[in-house]
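> Dropping the structure in here first, questions after.
Protein chains: 6
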Amino acid sequence: MISARNQFKGKVKSVKLGEVMAEVVVTVGDLEFVSAITRTSAEALALKPGDEVKAVIKSTEVLIDKP
Amino acid sequence: MISARNQFKGKVKSVKLGEVMAEVVVTVGDLEFVSAITRTSAEALALKPGDEVKAVIKSTEVLIDKP
Amino acid sequence: MISARNQFKGKVKSVKLGEVMAEVVVTVGDLEFVSAITRTSAEALALKPGDEVKAVIKSTEVLIDKP
Amino acid sequence: MISARNQFKGKVKSVKLGEVMAEVVVTVGDLEFVSAITRTSAEALALKPGDEVKAVIKSTEVLIDKP
Amino acid sequence: MISARNQFKGKVKSVKLGEVMAEVVVTVGDLEFVSAITRTSAEALALKPGDEVKAVIKSTEVLIDKP
Amino acid sequence: MISARNQFKGKVKSVKLGEVMAEVVVTVGDLEFVSAITRTSAEALALKPGDEVKAVIKSTEVLIDKP
């Protein structure tokens, strides 16, 4: 169990590979999460559309915007 | 418009104030986001339960967990 | 109003686009801020030199160096 | 020389100590930076008002807001 | 399997609880890692000295200092 | 002296340059740290295999995983 308070189950929608970084889009219900990880991580996890994954976010990384 | 790719509309559920930091829980549909911001930020925004806010997360802060 | 305590008004000096990431340099008075965001964010904001923007930084991301 | 692209020389304006975290405000010319670090860090550096320090920020932590 | 490239097995040395945040020290061989997480996370994981844990760090959070 | 609590002396093992980002692997004893920094930072520090460096990590960026 990891300490990150934000863990959301979803499905990989797309993976875009750059030379060093990769952009992964994850669908969680009606929401879409965008994640930028290293390309080597994306390859180590063999991420591809349809994969069941969790988007994981440490609470110190969440900002609040009040209109 | 802020560059963060992850912006989710929700409602403040709770605010816990420490001396330096504050923990804010935001309900977004069925999901709960936990945010740790400074107490001075929470006070500057006058955050309280029921407030309509957005949880905002930079994509470089989103990890992917594949079981 | 976003919770991030560090918000500095400036002007975009340059935008360098990679495949996944983009580097944006923002001039704030005498200072230069360097930001690495996703390319899709840079394109969504249509960032180009001369744009008036704010550099926004969460206080938990600021280190202190005392010589 | 540290890899962080954002390094700004300034002076400590205030230090607020909590149990675990500390909030440090640094004046850089006309700007004010707010930093949240651990209390043990603030004590290890013996931070106090008037200290000459640098605020240091990794470029992946800088968001861009375009009104 | 989580995407973070830095995962180091160790043992909890100490846990200090504040109102909102907690400081956890983890011994990994000869090294000591310091982690600041929310108190609720520390309690959810029931962290205590001697626990076998991993320190997990996303590669975008690692700076390089070259003397 | 920088406020980051995690500072580990090691040696650069490899540097992979992308257009915007770079991936740097640092060997610290038996451990390997992976760092994603901007290409311009990697070039400013002239990072190459064999360089003696420190991997530096702010404690708010360290997650704890308890199996």
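Residue numbers (my numbering), protein chains in the order written: chain A, -11 to 55; chain B, -11 to 55; chain C, -11 to 55; chain D, -11 to 55; chain E, -11 to 55; chain F, -11 to 55.
Even glycine gets a Cβ: it sits at the ideal position worked out from N, Cα and C.
1. Is it buried or exposed for A34 (chain B), if we count other Cβ within 10 angstroms and need 16 for buried?
2. Rounded to whole angstroms, how far is the Cβ of V41 (chain B) from the Cβ of V0 (chain B), which I believe are closer than 8 Å?
3. Buried or exposed for M9 (chain D), going by 16 or more other Cβ atoms inside 10 Å?
4. Tell me, to the nearest whole angstrom, how far the beta carbon of S2 (chain D) is from that of P37 (chain D); I am working on the premise that it is less than 8 Å.
5. Going along chain D, which residues have a C-beta under 9 Å from T28 (chain F)?
6. Under the DSSP definition of a beta bridge, which residues are partnered with K42 (chain F)?
7. Taking the alpha-carbon positions, what's the L19 (chain A) to T15 (chain B) distance?
8. Is it buried or exposed, G17 (chain B), if we count other Cβ atoms within 10 angstroms and call 16 or more buried?
9. Excluding the 5 residues flanking D39 (chain F) on each side, which residues of the same chain have their C-beta closer than 6 Å to its C-beta?
10. Between which two residues does the beta strand (DSSP E) containing S23 (chain C) stretch?
11. If you run the structure through DSSP and keep just helix, strand and coil, what is E11 (chain D)?
12. So which residues on chain C does S2 (chain D) lean against when the C-beta distance must stay under 8 Å?
13. Going by C-alpha to C-alpha distance, which of D:K46, D:R27, D:M(-11) sits closest to V22 (chain C)?
14. So the candidates are A:A43, A:K(-3), A:I52; which of them puts its Cα closest to the Cα of V11 (chain A)?
15. Excluding sequence positions up to five away, which residues of its chain have a Cβ less than 7 Å from the Cβ of R(-7) (chain A)?
16. Hey, how far is the Cα of K25 (chain C) from the Cα of P55 (chain B)?
17. Is it buried or exposed for E7 (chain B), if we count other Cβ within 10 angstroms and need 16 for buried?
18. In whole angstroms, what separates the C-alpha of K(-3) (chain E) from that of M(-11) (chain A)?
19. In chain order, what residues of the segment -4 to 25 of chain B put their CB closer than 9 Å to some CB of chain E?
20. For A32 (chain C) and L5 (chain C), which I take to be in contact (beta-carbon distance under 8 Å), what is that distance rounded to the nearest angstrom?
21. Per DSSP, what kind of secondary structure is D(-9) (chain F) in: helix, strand or coil?
22. Skipping 5 residues on each side, what residues in its chain have a beta carbon closer than 6 Å to that of A(-5) (chain C)?
23. Note down the Cα distance separating I52 (chain A) from V13 (chain B), rounded to an integer number of angstroms.
24. Looking only at DSSP bridge pairs, what is L5 (chain C) linked to?
25. Just how far apart, CA to CA, sit R27 (chain A) and T28 (chain E)?
26. Are the C-beta of I(-10) (chain E) and some C-beta of chain A separated by less than 8 Å?
27. K54 (chain E) versus chain F: which residues are under 9 Å apart at the beta carbon?
In this structure, then:
1. exposed
2. 6 Å
3. With 16 or more other Cβ atoms within 10 Å, it is buried.
4. Rounded, the Cβ-Cβ distance is 6 Å, consistent with contact.
5. Close to T28 (chain F), with beta-carbon spacing below 9 Å, are these residues of chain D in chain order: R(-7), S47.
6. E:D53, F:K(-3)
7. Roughly 13 Å separates the two Cα atoms.
8. exposed
9. V0
10. 19 to 26
11. strand
12. Neighbours of S2 (chain D) across chain C, judged by C-beta separation under 8 Å, do not exist; the nearest C-beta is about 13 Å away.
13. D:K46
14. The displayed chain sequence assigns Glu, not Val, to residue 11 (chain A). For E11 (chain A), the nearest C-alpha among the options comes from A:A43.
15. Scanning its chain for C-beta atoms nearer than 7 Å, with the 5 sequence neighbours on each side dropped, one finds around R(-7) (chain A) the residues S47, in chain order.
16. Per the sequence shown, the amino acid found at residue 25 (chain C) is Ile instead of Lys. Going by the C-alpha atoms only, they are around 28 Å apart.
17. buried
18. 14 Å
19. K4, L5, G6, E7, V8, M9, A10, E11, V22, A24
20. Incorrect: roughly 13 Å between the Cβ atoms, too far for contact.
21. Residue identity check: residue -9 (chain F) is Ser in the sequence provided, not Asp. Reduced to three states, the DSSP call for S(-9) (chain F) is coil.
22. According to the sequence as given, residue -5 (chain C) is Gln; it is not Ala. Taken in chain order, the residues that qualify are K42, V44.
23. Roughly 10 Å between the two C-alpha positions.
24. The partner list for L5 (chain C) (beta bridge, DSSP) reads C:A10.
25. 32 Å
26. yes
27. V0, L33, A34, L35, D39, E40, V41, K42
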